[in-house]
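To start, the structure under review is shown below, and the notes come after it.
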Amino acid sequence: MTSLPVLADRVILAWGWPRRLIALLCGACGALALAPLDLWPLMVVPMTAAVWLIDGSVAQSRRGRLWAAATAGWWWGFGYHLAGLWWLGAAFLVEADKFAWAMPLGVVALPAFLALFPAAGFVLARAIWPTGAGRILVLAAVLALSEWLRGHILTGFPWNVYGMMLAGPAWFAQSASLIGLYGLTALAVAIGAAPAVLGTSEEGSAPWRAPMLAVLALAAMAGFGAWRIPAEPVAAVSGVKLRLMQPNLPQDAKFSPRNSEMILSQYLALSDRATSPATTGVQDVTHLIWPESAFPFLLGRTPQALARIAALLPPNATLITGAARAGETLPGESRPPIYNSIQVVNDEGVITGSYDKVHLVPFGEYLPPLLKRLIRAVGLSEFVSVPGGFASGSRRTPLQIRGLPPATALICYEVIFPGEAMPSGPRPGFILNLTNDGWFGQTSGPYQHLAQARLRAIEEGLPLVRVANTGISAVVDHYGRIRAALPLGETGVLDTSLPRAGPATAYSRFGDLFFAGVVASLMLAGVLMRRR
């Protein structure tokens with residue numbers, strides 16, 4: 000207790016470069032609370048430091064105070080995103096001759112841009128800033144709001160939203176079924192920041208009240224999670240035998256047309272591998288699933304490949320695979336649009352269904368139109384080997400697959416967007432996520448991606464089937480429990496059943512409505528406490 004006020008004073012009174020360094024390092028500590036480490040108690044470090052940094056944003060003028068808060072928030076956010084997104088640099092080394100020079104744009108410039116959101120949150124918090132525990136409520140509201148904005152502005156990038164700090168433990172994560180990721184974010188900030196009052200309590204106040212409420216909130220979350228998760232496994236959909244194929248192909252070989260024959264032959268041989276003396280390869284399965292962008296060619300325009308797939312599949316079996324798909328050439332255009340798609344192939348080699356990716360990756364799969372000319376001028380292009388980049392699908396509808404419940408199909412990073420998993424139309428029976436994390440090698444990126452996909456299953460009350468080129472491929476039930484998985488960097492197949500869907504959750508019905516209520520309530524309480 001005696002040392003905490005001393006620590007608080009050092010943070011509050013720091014100025015200049017020491018203040019920026021404290022903000023940078025404390026923000027970076029927050030990344031340790033994320034996958035794959037999931038050291039969630041460390042969320043106390045960045046959130047408590049955020050309170051003290053705003054406390055120390057003082058100046059003779061209002062503008063000076065807001066500027067001091069903005070700079071502290073920027074360095075805090077920069078440290079968080081720099082430590083959480085360093086692995087993006089691996090993508091620039093896949094084709095190092097083309098992209099290595101641009102690595103600082105992904106590793107440094109992107110975190111620098113994302114840091115603008117917490118900087119804005121710090122400014123808004125400083126403008127309202129009450130004394131005592133009220134500032135914890137204000138900080139939780141403004142940072143949750145800034146994270147929501149980060150997930151929506153300029154197509155959004157809600158990677159490593161602060162609520163993911165509470166998404167690792169299964170009991171805590173169940174609260175997402177009620178309030179979603181952004182609701183978890185408000186809780187993570189409030190709980191993590193609560194110890195700040197122990198270092199700055201005023202004489203006569205009750206400094207332990209806020210930390211005790213934080214402990215009670217954690218206990219309530221854990222209790223809800225323990226009540227919600229049953230002891231027994233979820234029942235499986237009858238008659239369904241899935242085989243997930245994880246080829247673990249090097250990314251630099253995956254998109255080279257000269258490797259087409261090698262890639263298809265490897266897929267076919269691996270898919271038919273016997274996994275035990277009791278299995279006879281693909282003959283035992285009803286649905287074979289391959290990862291995103293499986294081929295360096297257009298599957299729908301390669302009848303030889305479809306014929307070889309048909310020869311592999313047993314009667315009434317189905318292949319679900321990622322593949323580039325060519326659309327119809329539009330008037331005035333010289334070539335058709337190319338979509339990043341999921342295609343369904345029956346045992347006769349006929350493509351019976353497709354889903355085209357709706358939410359494309361800026362700079363990875365397409366160049367934003369307003370910046371395209373400038374980006375081309377400096378020598379940059381999309382990472383994908385598609386001239387002009389991918390075209391976007393029109394809308395998300397359930398993917399109909401013979402022998403399976405309707406699927407909500409999400410390709411790669413589409414699965415990180417809360418609320419976008421549900422397509423228009425009837426409620427689907429599971430989430431199908433095909434991805435290719437081979438860009439990022441043996442880093443923390445694929446673990447973070449899986450963690451976010453797992454949280455979508457909890458939010459929506461739907462099981463998740465995830466197939467990745469290099470891993471991590473997994474089947475997850477609607478409580479977020481991993482039923483089966485293939486480790487990162489392993490070549491193999493995974494035979495598994497499909498868990499049944501759970502009932503529609505509160506979040507699947509109302510989306511971020513509860514989150515909006517939480518933010519409004521926190522903000523109102525903070526304002527009232529400031530006036531008092």
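For the sequence shown, the tail end lands on 531 under numbering that gives the first Met the number 0, and the numbers increase by one without skipping.
Don't be surprised by glycine CBs; every beta carbon is placed ideally from N, CA and C.
Item: Tell me, to the nearest whole angstrom, how far the beta carbon of G348 is from that of Q399; I am working on the premise that it is less than 8 Å.; Value: Rounded, the Cβ-Cβ distance is 18 Å, inconsistent with contact.
Item: Would you check if the stretch 149-168 and the stretch 481-497 touch, i.e. whether three or more CB-CB distances between them fall below 8 Å?; Value: no
Item: Only counting the same chain, and skipping five residues up and downstream in sequence, which positions put a Cβ closer than 6 Å to that of Q451?; Value: I415
Item: If you compare alpha carbons, which of Y446, Q303, L461 and W438 is closest to P418?; Value: A small correction: the amino acid at residue 418 is Gly; Pro does not occupy that position in the sequence shown. Taking only the C-alpha atoms, the option nearest G418 is L461.
Item: What residue range is occupied by the uninterrupted beta strand (DSSP E) comprising H286?; Value: H286 to I288
Item: Which same chain residues end up closer than 8 Å to E202 when comparing Cβ atoms and leaving out the 5 residues on each side of it in sequence?; Value: Here E202 scores only 49 on pLDDT, less than 50, and its place in the model is too uncertain to base an answer on.
Item: Can you tell me whether M261 is buried or exposed? The criterion is at least 16 other CB atoms within 10 Å of its CB, across all chains shown.; Value: exposed
Item: Could you check whether A205 and I135 sit closer than 8 Å to each other, using their CB atoms as the reference points?; Value: no
Item: Could you check whether the stretch 153-164 touches the stretch 98-108, counting it as contact only if at least three pairs of C-beta atoms, one from each stretch, sit closer than 8 Å?; Value: no
Item: In the DSSP output, what is Q342 paired with across the bridge?; Value: T320 and S353
Item: Please report the Cβ distance between L544 and V236, rounded to the nearest whole angstrom; I am assuming they are in contact, meaning their Cβ atoms lie under 8 Å.; Value: Coverage of the chain is limited to positions 0 through 531, which leaves residue 544 absent and any answer about it impossible.
Item: Would you grab the beta carbon distance between A118 and G72 for me? Rounded to a whole angstrom, and I think it's under 8 Å.; Value: 4 Å
Item: Under 8 Å, with one C-beta from each stretch per pair, do the stretch 210-217 and the stretch 55-66 reach the 3-pair mark?; Value: no
Item: Counting only the same chain and skipping the five closest in sequence on each side, list residues whose C-beta sits under 7 Å from that of L92.; Value: A99
Item: Mind checking whether F439 and A90 have CB atoms under 8 Å apart?; Value: yes
Item: In whole angstroms, what separates the C-alpha of R9 from that of I21?; Value: 10 Å
Item: Suppose contacts are defined by Cβ-Cβ distances below 8 Å. Is G78 in contact with L23 by that definition?; Value: yes
Item: Using a Cβ-Cβ cut-off of 7 Å (strictly less than) and excluding sequence neighbours within five positions of T47, which residues of its own chain qualify?; Value: G191, A192, P194 and A195
Item: Take G55 and list the residues in its own chain whose beta-carbon comes closer than 6 Å to its own, dropping the five residues that flank it on each side.; Value: I11
Item: Assuming A32 and L41 make a contact with CB atoms under 8 Å, what is their CB distance in whole Å?; Value: 5 Å
Item: What three-state label does DSSP hand R465 in the structure shown?; Value: strand
Item: Using the rule of at least 16 other Cβ atoms within 10 Å of the residue's Cβ for burial, across every protein chain shown, is Q532 buried or exposed?; Value: Any property of residue 532 remains undetermined from this structure, which presents the chain solely from 0 to 531.
Item: Using 8 Å as the cut-off, can you tell me whether the stretch 174-187 makes contact with the stretch 127-143, which would need three or more C-beta pairs spanning the two stretches below that distance?; Value: yes
Item: Are there three or more Cβ pairs, one per stretch, closer than 8 Å when the stretch 294-310 is compared with the stretch 471-479?; Value: no
Item: State buried or exposed for W226, treating a residue as buried only when at least 16 other CB atoms are found within 10 Å of its CB.; Value: exposed
Item: Do the CB positions of I350 and V466 come within less than 8 Å of each other?; Value: no
Item: How long is the line joining the alpha carbons of L311 and L269, rounded to whole angstroms?; Value: 11 Å
Item: What residue from L318, V344, Y161 and A111 has the CA that sits closest to A542's CA?; Value: Only positions 0 to 531 of the chain appear in the structure, and residue 542 is not among them; the question remains open.
Item: Beta-carbon within less than 7 Å of W39's beta-carbon, same chain only, minus the 5 sequence neighbours each way: which residues are those?; Value: A32, M164, L165, G167 and P168
Item: Within 10 Å of its beta-carbon, does A187 have 16 or more other beta-carbons around it, so buried, or fewer, so exposed?; Value: buried
Item: How many angstroms separate the CA atom of V284 from the CA atom of M244?; Value: 12 Å
Item: Can you list, in chain order, the residues of its chain whose CB lies under 8 Å from that of R508, leaving out five sequence neighbours each side?; Value: none
Item: Using the DSSP secondary-structure output, state which residues sit across from N432 in a beta bridge.; Value: L409 and R465
Item: Tell me the DSSP secondary structure of R401 in three-state form.; Value: coil
Item: Report the three-state DSSP secondary structure of E202 (helix, strand or coil).; Value: Because E202 sits at a pLDDT of 49, beneath the cut-off of 50, its placement in the model cannot be relied upon, and the point is left open.
Item: Which whole-angstrom value describes the C-beta separation of A420 and T407, a residue pair presumed to lie in contact below a C-beta threshold of 8 Å?; Value: 6 Å
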